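Read through the structure below, which is laid out as structure tokens, and then see the notes.
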Amino acid sequence: MALPNGPVTTSSEAEAVLFELVDVYDRAYEAAAAQLSLSPAQACVLGRLDERRGMGALADELGCDASNITQIVARLETLGLVTREPNPQDRRARLVARTPRGDEINHRFTTAFTFARTAVGRLSPDEQDQLTALLRKALG
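Here full-length UniProt numbering is used: position 118 in the sequence shown is 118, and no number is missing along the way.
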């Protein structure tokens with residue numbers, strides 16, 4: 001999941017720092033997932049299941065192929081972290097939900113993945129507001 005941390009040609013110091021931020025974020029995310037014997041993709045899907053979700057909706061939200069979600073959910077199901085059940089509105093479709101163990105593991109992941117909280121915590125409230133505004137502007 002992490003970007004290669006090798007040389008990247010950038011056009012500005014801001015772009016270089018952004019690449020560095022993404023790389024450090026990804027490595028921290030991977031490390032937190034690994035602490036719980038999860039892949040980053042499994043941790044990501046588990047975190048998106050605060051309520052029952054359709055597998056197609058998960059794939060759309062994550063911008064990936066439905067077959068990828070099927071494989072990730074199958075592994076999470078094997079680990080006892082999620083269940084799949086028929087969608088009452090469309091019996092061909094499946095809804096995915098976290099199990100109580102999945103809730104526990106998701107909570108442990110959220111607690112272990114501190115990168116963003118720690119990074120933002122280094123900023124004053126005014127700096128946090130400035131960063132928020134600049135990031136929103138950069139995202140368009």
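Beta carbons: idealized from backbone N, C-alpha and C, even for Gly.
Since the model is a prediction, treat every value here as computed from it, not as a measurement.
State the DSSP-derived secondary structure class of residue i, mapped to helix, strand or coil.
| i | result |
| --- | --- |
| S12 | coil |
| M1 | In this prediction, M1 has a pLDDT of 41, which is less than 50 and means its spatial position is unreliable; nothing more can be read from the coordinates. |
Select from the options the residue whose C-alpha is nearest the C-alpha of residue i.
| i | options | result |
| --- | --- | --- |
| R134 | L46, L18, T10 | First, the amino acid is wrong: residue 134 is Leu here, not Arg. Closest by alpha carbon: L18. |
| Q71 | V45, P86, N87, Q89 | V45 |
| G80 | L139, Q128, L38 | L38 |
For the putative contact between residue i and residue j, defined by C-beta atoms under 8 Å, what is the C-beta separation to the nearest angstrom?
| i | j | result |
| --- | --- | --- |
| R48 | E61 | 7 Å |
| R96 | R84 | According to the sequence provided, residue 96 is Val. The question's Arg does not apply to it. About 6 Å; that satisfies the 8 Å criterion. |
| A119 | Q35 | No, A119 and Q35 are not in contact; Cβ-Cβ is about 19 Å, not under 8 Å. |
| T99 | V73 | Not confirmed; about 12 Å, so no contact. |
| L131 | L123 | 6 Å |
Identify the continuous alpha helix (DSSP H) that holds residue i and give its terminal residues.
| i | result |
| --- | --- |
| D90 | No alpha helix (DSSP H) holds D90; the beta strand (DSSP E) holding it covers 90-98. |
Task: Completely contained alpha helix (DSSP H) runs for the UniProt domain "HTH marR-type" (11-140), where each covers 4 or more residues - done: 13-35, 40-47, 55-62, 66-78, 100-112, 115-121, 125-139
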